[in-house]
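Remarks on the structure that follows.
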Amino acid sequence: MPITTRFAPSPTGYFHAGSYRTALFSWIFARQNKGKFILRIEDTDKERSRKEYEENIIDSLKWLGLEYDEFYRQSDRTEIYKKYIQQLIASGHAYVSTAEQEVVRAREMAVKFGKMAKENSGPSSGANSQSVKKVDTLNTSDKEDRAVPSHAEVIRFNNPNKKVAFEDLIRGRIEFDTTELGDFVIAKSEDEPVFHLVVVIDDHEMGVTHIIRGEDHISNTPRQILIFEAIGAKIPQYAHIPLLLSSDRSKLSKRKGAVPVSEYRSRGYLREAIINYLALLGWHPSDDKEILTVEEIVAGFSLDRVQKSGAIFDEEKLKWFNRQYIIKLSDTDFAEHAKPFLPEWIVPKSDTFKKLIPVLRDKITTFAEVATMFGVGGELAFVHKLSEYKKESLLWKKNPDAQIALKHLTEVREFLNLLAGENFTADTTKQAIWAYVETNGKGDVLWPLRMALTGQERSPDPFVSASLIGKEETLKRIDMALSKLSS
RNA sequence: GGCCCUAUCGUCUAACGGUUAGGACAUAGCCUUCUCAAGGCUGAAAUCAGGGUUCGAUUCCCUGUAGGGCUACCA
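See below:
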């Protein structure tokens, strides 16, 4: 049997970094073993599932290059589950719990929870402050998500109440006593199976050999093993990878500000950076190399090298990776990525844009910054429009003398004026005045020139700036500076 | 509360009984420099606590502590 893994998201929210990392590890493992990778949309919760989210998951996986070999949607498979439910009932592994029985059960639960709450809420002073804190977290935990029991008939699993153990590929042996689980619900009706049941049936039917999922599923595993046994299926291998955490160390989730992967895309992150960064969150190669291609990751991956503890997602480091990959981009690729962020006054295929590519590549960490660079106060805004600046700004800080600035600018203007307009590049302008610059001091000559051309304290070097605005505009801006200096 | 998982610099991590506890991001300083970056160099920064086991524990065991997960007719 070929190694088969699956990614089984529920379409109840946008696809975020946590989901992506889980999918990535499963995908890597399948690819590494020349096996199969399955995408399965778990949409049995009709109230919360939305088509929009399903599309977002599929688009994101596609963008990130995690191609899958098979695709399933649980809402298309009701008939399959129905057969299993009937079979489980027939074999005595499951039973129909009547509405009356459910009411009794609900009452018992209410008593139990009520008692728990009472035990927890001691006097809120001194020594008990810790238990009070516990109560707080218990009470505030995602209450809105709690489903309200319908008090109607449901189908429950006939729990054999025994100890269940499994060998986790990352954590080793984990043992549970399933008695405390009780007879859990596996379906609301024959047509409405619930998570634990469908997961098991599908993993069995689809021939999944390795279940690689988040560690939040560790506690779900014993229930699922019980069901595997009840349907007489082989129990797959489990690998529970650590969770991705928000900055407060709680599980990264939709409500805790997890950013959709599609959002990173529109912020101008490169897929290679995201893949590389996320692969390193929880996994580490055997050497210290951090910039890795997908091929290198697939080749070097191993479940033994997966971390056991959760990791905080750090956008700063993602940015660093993004920058590393931006630097490597060819001009053509860079242009392609930058296009959506260009202001309308730049024509994508123009000479100006071609000259801008190296300048931009040198400065940005995400493509969204392309827009910032050209925006108000941006470093490259001068290309379109010279911003206002004061006369004093033209003076070099180490030698603030207007007469000197005036003299150098006048000389430089003469040199530049000798160049042909169509041959006005960073190289030619540099050649034209470099000798003069060297004999008269770089700061003394170049600083006033920079200010004259850009009107900004931060900008590319004056030669690049000159070539970006062209000969005519360069001379015009120098003239403006000269008149400022002599006023 | 019960059950389960986890614990190395601020963050991601290396070390699988013997290292001056290594690397990366972030951070501080210096160098380079016409500005801002980039780049180069240097620095600060960690084994949760207490007990064992051992000649020797970051590493193995126990207890505590802390964090997280599950405890649904969500997945």
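Counting in my numbering, the first sequence runs from -2 upward without gaps. The C-beta atom is built at its ideal place from N, Cα and C for all residues, glycine as well.
For residue i, report the span of its beta strand (DSSP E) as first-last.
| i | result |
| --- | --- |
| H237 | Q234 to I238 |
| Y69 | E67 to R70 |
| A491 | Here the chain comprises residues numbered -2 to 484, so residue 491 is not present and cannot be evaluated. |
| V93 | A91 to S94 |
Go through its chain and collect everything with a Cβ distance to residue i's Cβ below 7 Å, but skip five positions before and after it.
| i | result |
| --- | --- |
| G452 | F379, L383, S384, E385 and Y386 |
| S138 | Bear in mind that a pLDDT of 38 at S138, under 50, signals an unreliable position, so the number given afterwards is only what the model happens to contain. Taken in chain order, the list of residues that qualify is empty. |
| R70 | I38 and D40 |
| A485 | Nothing about residue 485 can be read from this structure; the chain reaches only from -2 to 484. |
| S46 | S7, P8, T9 and D40 |
| E470 | none |
Can you round the beta-carbon distance between residue i and residue j to whole angstroms, since I take them to be within the 8 Å contact cut?
| i | j | result |
| --- | --- | --- |
| I167 | R246 | Not really, about 20 Å apart at Cβ, beyond 8 Å. |
| H201 | A230 | 4 Å |
| G279 | P239 | 5 Å |
| S259 | D56 | 7 Å |
| R358 | I323 | 6 Å |
Sorted by chain position, which residues of the same chain lie with C-beta nearer than 8 Å to residue i's C-beta, five sequence neighbours on each side aside?
| i | result |
| --- | --- |
| L242 | K248, L249, G307, A308, I309 and F310 |
| V151 | V93, S94, E99, V182, A184, K185 and S186 |
| K481 | K388 and L391 |
| V195 | E39, T41, Q71, R74 and Y78 |
| V205 | T1, T2, R3, I35, D199 and P233 |
| V295 | I25, R28 and Q29 |
| R302 | W280, H281, P282 and S283 |
| P257 | Y11, F12, H13, N53 and S57 |
Let me check one thing: in DSSP terms, what residues is residue i bridge-paired to?
| i | result |
| --- | --- |
| R162 | Reading the sequence as shown, one finds Ala at residue 162 and not Arg. A162 is bridged to E172. |
| A184 | I152 and P190 |
| W280 | V303 |
| G211 | I238 |
| F4 | L36 |
| K404 | Its beta-bridge partners do not exist; DSSP assigns none. |
| K248 | L242 |
| A308 | L241 |
Just to confirm the assignment, what range does the alpha helix (DSSP H) spanning residue i have?
| i | result |
| --- | --- |
| K360 | D348 to K360 |
| I25 | A14 to Q29 |
| K48 | K48 to W60 |
| Y78 | T75 to A87 |
| E312 | E312 to K325 |
| Y433 | A423 to N437 |
| D556 | Coverage of the chain is limited to positions -2 through 484, which leaves residue 556 absent and any answer about it impossible. |
| D558 | Given a span of -2 to 484 for the chain in the structure shown, any question on residue 558 remains unanswerable. |
| P340 | Note, P340: premise wrong, no alpha helix (DSSP H); not H, not E. |
| A368 | A365 to F371 |
| P219 | T218 to A227 |
| G297 | V291 to G297 |
Please list, in chain order, all residues of the same chain as residue i whose beta carbon is under 6 Å from its beta carbon, the five residues on each side excluded.
| i | result |
| --- | --- |
| N273 | L289 and F318 |
| A423 | F460, V461 and S464 |
| V161 | F173, T175, P219 and I222 |
| D328 | I354 |
| S16 | P6 |
| E67 | I35 |
| H225 | According to the sequence shown, residue 225 is Phe rather than His. Cβ within range, chain order: V197 and I232. |
| E454 | none |
| D133 | With a pLDDT of only 34 at D133, under the threshold of 50, the placement of this residue in the model should not be trusted; the figure read from the coordinates follows. Excluding residues within five positions, none has a Cβ falling inside 6 Å. |
| V449 | Per the sequence shown, the amino acid found at residue 449 is Ala instead of Val. Excluding sequence neighbours, A449 sits near R474, I475 and A478. |
| R320 | T362 |
The region 6 to 20 / the region 281 to 296 touching (three or more Cβ pairs under 8 Å): Touching, no, given that fewer than three Cβ pairs across the two stretches are closer than 8 Å.
Contact between the region 13 to 30 and the region 77 to 93 (3+ Cβ pairs under 8 Å): No, the region 13 to 30 is not in contact with the region 77 to 93.
Stretch-stretch touch, CB-based, cutoff 8 Å, three pairs: the region 398 to 410 with the region 350 to 369: Remark: fewer than three beta-carbon pairs, one from each stretch, lie closer than 8 Å, so the region 398 to 410 and the region 350 to 369 are not flagged as touching.
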